[in-house]
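Asker: I am attaching a structure below and will ask some questions about it afterwards.
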Amino acid sequence: MSVSIIDRLQAIFQDVRVSEFMNPDVIYVTPDKTLLHVKEIMRIKRISGVPVVDDKKRVVGIVSLEDIIKALEGSYIKDSVEKRMTKNVVCLKETDTLQDAVKIFEKYGYGRFPVVDDEEKLVGIVTKHDIIYFLLAKLGIMYLHDKRMEEVLEKGTSLITGEGLEKGKADFVFHIDYFDVNMIGIGASKLKRFLLERGVDEELARRIAIATYEAEANVVIHSESDGYIYCFIDNEKITVRVEDRGKGIENLELAMREGYSTAPDHIRELGFGAGMGLPNMKRYSDKMVIISEVGKGVIVEMVFFRRDRGEDRGDSGKTGA
């Protein structure tokens, strides 16, 4: 789990109930199904675990991707779910708090936990990503105005998910030259073309290009430093990171206000610097995090969920077996 994010935010939302961030559209199976059936569900839905319920929809077991792998290796993939499922299932209550959920994740280390009501019936499922996405959605945007700049630059980890974002493994890289205002948008345009060539939905590519354009413009107008655009693509999301090593932002909260701008007059005369850059980046991305340290630059990370692929939130899907 992205510990740095949880540590910062769980104190604020520690009393929020599990029912507020669980995924209610949980896929489940019954004990009479085969592991082969479960394997196909996991493949089609791109999930990594399925609760098992009885005829009253009470959780009686769970089958994980690891169980499927073992079944394939042991040549018993056609066995019934009841015979091979994990029976001692740890469940969350829908009335449990966020703090309770975090403790359960830390204690057991599993990737997902079924959620049950007072009658022990399955009502949802919670993954690590569900917690992170809920917290970020509550905040809308995180302002990380601290000493993490060097750490993030050196380790190459996502500010939002904690996953690795090594620059050398980026799917797209563009160097931003801050000397020429007329070059603003070249990187965003090339990124959009690249995404379309990779089969990304046109509307999603458009949103990414708009947000990236604003980030690119901020580097040229405000940073007094070269910058880079990095794009990382996977089946679930597209992550864009724009970073520079320039002046930094003194007051992020103020900079997020629509219409606020520190752009000089000659830049405004060219049609830039209207004070909509950061607000537009927030508006067009699904998640956005900013790190800024005065004199050391700015890192903006934006996540765009791939609804063109059927967004996989870890264990989402329609209820059914």
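Counted the way UniProt numbering counts, the sequence shown spans residues 1 to 321.
Even glycine gets a Cβ: it sits at the ideal position worked out from N, Cα and C.
#1: Would you list, in sequence order, the uninterrupted beta strand (DSSP E) runs of no fewer than 3 residues that lie entirely inside the UniProt domain "CBS" (85-141)?
#2: Which residue comes first and which comes last in the alpha helix (DSSP H) that contains Met42?
#3: Which of the three DSSP states is assigned to Arg206 in this structure?
#4: Does DSSP put Thr239 in a helix, a strand or coil?
#5: How would you call Arg307, buried or exposed, if buried means at least 16 neighbouring beta carbons within 10 angstroms?
#6: If you check the beta carbons only, do Val240 and Ile208 fall under 8 Å apart?
#7: In or out: Glu120 buried (at least 16 other Cβ within 10 Å) or exposed?
#8: Within this structure, are the beta carbons of Met42 and Val53 separated by less than 8 Å?
#9: Quick one: Cα of Ile299 to Cα of Glu40, how far?
#10: How many Å lie between Gly164 and Asp118 at the Cα?
#11: Can you give the Cα-Cα distance for Thr86 and Phe304, rounded to whole angstroms?
#12: Quick test of your reading: Val38 and Val81, contact by CB under 8 Å. State the CB separation rounded to the nearest angstrom.
#13: Going by C-alpha to C-alpha distance, which of Gly74, Val63 and Ser189 sits closest to Ile47?
#14: Counting along the chain, where does the alpha helix (DSSP H) carrying Ser189 start and finish?
#15: Give a single yes or no on whether Leu35 has its beta carbon closer than 7 Å to a heavy atom of the ligand NAD.
Answerer: In terms of the structure at hand:
#1: 112-116 and 122-127
#2: Your numbering for residue 42 matches position 42 in the sequence shown. Note, Met42: alpha helix (DSSP H), Leu35 to Lys45.
#3: As a first step, residue 206 must be located in the sequence shown, where it is residue number 206. In the structure shown, Arg206 adopts helical secondary structure according to DSSP, grouped into three states.
#4: Here residue 239 corresponds to residue number 239 of the sequence shown, with the count starting at 1. Strand at Thr239.
#5: Sequence index remark: in the sequence shown, residue 307 carries index 307 (1-based). Under this definition Arg307 is an exposed residue.
#6: Start at 1 with the first residue of the sequence shown, and residue 240 comes out as number 240. Start at 1 with the first residue of the sequence shown, and residue 208 comes out as number 208. Yes, they are a contact pair.
#7: Residue mapping note: residue 120 aligns to position 120 of the sequence shown, counting from 1. With fewer than 16 other Cβ atoms within 10 Å, it is exposed.
#8: On the sequence shown, residue 42 is found 42 positions in, with the first residue counted as 1. On the sequence shown, residue 53 is found 53 positions in, with the first residue counted as 1. No, the pair does not count as a contact, with Cβ atoms beyond the cut-off.
#9: As a position in the sequence shown, residue 299 is number 299, starting the count at 1. As a position in the sequence shown, residue 40 is number 40, starting the count at 1. Ile299 and Glu40 have their C-alpha atoms spaced approximately 41 Å apart.
#10: The sequence position of residue 164 within the sequence shown is 164, counting from 1. The sequence position of residue 118 within the sequence shown is 118, counting from 1. Approximately 39 Å between the Cα atoms of the pair.
#11: The count along the sequence shown starts at 1 and reaches residue 86 at position 86. The count along the sequence shown starts at 1 and reaches residue 304 at position 304. Answer to the nearest angstrom: the Cα atoms are 35 Å apart.
#12: Numbered from its first residue, the sequence shown carries residue 38 at position 38. Numbered from its first residue, the sequence shown carries residue 81 at position 81. Indeed, because the Cβ distance is near 6 Å, the residues count as touching under 8 Å.
#13: Numbered from its first residue, the sequence shown carries residue 47 at position 47. Minimum Cα distance to Ile47 is reached at Val63.
#14: Position 189 of the sequence shown, counting from 1, holds the residue named residue 189. That run of the alpha helix (DSSP H) goes Ile186 to Glu197.
#15: For the structure depicted, the ligand NAD is absent and the ligand set is empty, with no information on it obtainable.
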